[in-house]
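Under my numbering, the first residue of the sequence shown carries the number -8, and numbering increases by one thereafter. C-beta: ideal position from N, C-alpha, C; glycine also. The structure presented is a predicted model; accordingly, all values stated were derived computationally and were not measured.
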Amino acid sequence: MNTPLTTPVTGPVIVTGTDTGVGKTVVTAAIAACATASGLRVAVVKPGQTGVDPAYGEVPDEEVIRRLAGPATTRTLASYPDPLAPLAAARVAQLPPLDLYTVLDEVKRQAAEHDLVLVEGAGGLLVPMGPRLADIPGGGAWTVADLAVNLGAPAVVVARAGLGTLNHTALTLEALERRGVAGLVVLGAWPAEVELVHLTNLDDLPGDLHGLLPDGAGSMEPGVFRRSAAGWLTETLYGSCDDPRLLAEDDY
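Rendered as structure tokens:
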């Protein structure tokens, strides 16, 4: 079993999720805001952005993070129009797919110039990011898990608060542990109206909980977001919260 992280993360850190739509971008912004406020030079890298339609007022994750957190650097390496896994989105759009080693080189370049590099994935840990590589065991498409292993980076696992999260979180943490990757769990959106399932999930959630964000945090005015973010995260993620479970008792 991996040893739990107790000191603040540095260098490359993966931000993945138990599924799509769990709040990875806002959690990434919260960590970036806290680390920046702590005096760190922070970069955020999004290897593959998919499914952003400006006609519906949608903006890239990079833009959301830049507005909310104001890190030193934000980079998106490839964008695909369809709301699909990056590998499928590249194929459908007939655009060049993501290459693992190009992504690794860019993250390492940013790590040489920054104290913390947050790498936000797409969907969950094993979503196909780019084409199969001969040197990946099993010969499948490369995933965010492969990125974490090659970088020797820990992974922030953003999870839901509601039904299904216990299984999804346990599976994600198990997949990380098999690869020797440390996992830090953050609940991406704690509801304002709490139901029994949310409370029991909070009690039974697997792994080490390092954060709990209120639902709607991404809609906050940036100044309020940056002032509030430290209260949502533990010191490992540059916050000031000793026990995120206690936040569930607060009235957001």
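In the DSSP assignment, find the alpha helix (DSSP H) that holds residue i and state where it starts and stops.
| i | result |
| --- | --- |
| residue 122 | No alpha helix (DSSP H) holds residue 122; the beta strand (DSSP E) holding it covers 121 to 123. |
| residue 53 | 52 to 60 |
| residue 214 | 213 to 219 |
| residue 187 | 187 to 195 |
| residue 98 | 91 to 104 |
| residue 138 | 135 to 142 |
| residue 9 | That residue, residue 9, is in no alpha helix (DSSP H); it is neither H nor E in DSSP. |
| residue 77 | 77 to 84 |
In chain order, what residues of the same chain have a beta carbon less than 6 Å from the beta carbon of residue i, not counting five sequence neighbours either side?
| i | result |
| --- | --- |
| residue 112 | 7, 135 |
| residue 156 | 150, 192 |
| residue 20 | 56, 59, 60 |
| residue 242 | Because the pLDDT of residue 242 is 42, which lies under 50, any placement of that residue in the model is unreliable, and the number read from its coordinates should be weighed accordingly. Nothing listed; no residue qualifies. |
| residue 43 | 49, 51 |
What is the rounded straight-line gap between the Cα of residue i and the Cα of residue j?
| i | j | result |
| --- | --- | --- |
| residue 5 | residue 98 | 10 Å |
| residue 51 | residue 72 | 11 Å |
| residue 63 | residue 215 | 19 Å |
| residue -4 | residue 161 | 18 Å |
| residue 34 | residue -2 | 19 Å |
| residue 236 | residue 139 | 27 Å |
| residue 1 | residue 230 | 14 Å |
Could you check where the beta strand (DSSP E) with residue i kicks off and where it finishes?
| i | result |
| --- | --- |
| residue 111 | 107 to 115 |
| residue 63 | Neither: residue 63 is in no beta strand (DSSP E) and is coded neither H nor E. |
| residue 146 | 146 to 150 |
| residue 180 | 174 to 181 |
For residue i, count neighbouring Cβ atoms within 10 angstroms of its own Cβ and tell me buried if that reaches 16, exposed if not.
| i | result |
| --- | --- |
| residue 49 | exposed |
| residue 191 | exposed |
| residue 234 | exposed |
| residue 65 | buried |
| residue 217 | buried |
| residue 224 | buried |
| residue 185 | exposed |
| residue 163 | buried |
| residue 45 | exposed |
| residue 78 | buried |
| residue 195 | exposed |
| residue 47 | exposed |
Under 7 Å Cβ to Cβ from residue i, same chain only, skipping five residues before and after it: list those, please.
| i | result |
| --- | --- |
| residue 206 | 180, 181, 182, 183 |
| residue 188 | 153, 154 |
| residue 3 | 98, 102, 108, 110, 142, 144 |
| residue 27 | 33, 60, 61, 62 |
Can you give me the Cβ contacts of residue i inside the same chain, cut-off strictly under 8 Å, excluding the 5 residues immediately before and after it?
| i | result |
| --- | --- |
| residue 204 | 14, 17, 18, 21, 177, 178, 179, 180, 181, 223 |
| residue 212 | none |
| residue 114 | 8, 10, 11, 76 |
Using 8 Å as the cut-off, can you tell me whether the region 93 to 107 makes contact with the region 8 to 19, which would need three or more C-beta pairs spanning the two stretches below that distance? no
Using 8 Å as the cut-off, can you tell me whether the region 34 to 48 makes contact with the region 113 to 125, which would need three or more C-beta pairs spanning the two stretches below that distance? yes
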